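Residue numbers (the working numbering): -3 to 50.
Glycine included, each C-beta is placed from N, C-alpha and C at the ideal position.
These numbers come from a predicted model, not from an experiment.
Notes to accompany the following structure.
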Amino acid sequence: ALSHRYLASLHGINEEPRCPAPFNFDFEQGTFTEENIKELIWRESLNFNPDMME
């Protein structure tokens, strides 16, 4: 999308940010069951509405 002529004036290839170290996404490699995912979503929702715990 950034190479489209409409955006050409907004993007300079020499102005790209550089990452000092490679990203590591190993934490995303876990295998989850449907129940694990439901539990993770439930716990996350409690951060926004702790009253749901009761």
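| field | Element boundaries [alpha helix (DSSP H), containing Asn31] | value | Start at 1 with the first residue of the sequence shown, and residue 31 comes out as number 35. Reading off the sequence, residue 31 comes out as Glu, not Asn. 30 to 44 is the extent of the alpha helix (DSSP H) around Glu31.
| field | Separation of Thr29 from Asn10, as counted between CA atoms | value | Position 14 of the sequence shown, counted from the first residue, corresponds to residue 10. Position 33 of the sequence shown, counted from the first residue, corresponds to residue 29. For Asn10 and Thr29, the distance between alpha carbons rounds to 44 Å.
| message | For a quick check, are the C-beta atoms of Ala(-3) and Leu3 less than 8 Å apart? | response | Taking the first residue of the sequence shown as position 1, residue -3 is located at position 1. Taking the first residue of the sequence shown as position 1, residue 3 is located at position 7. Yes, these two residues count as a Cβ contact at 8 Å.
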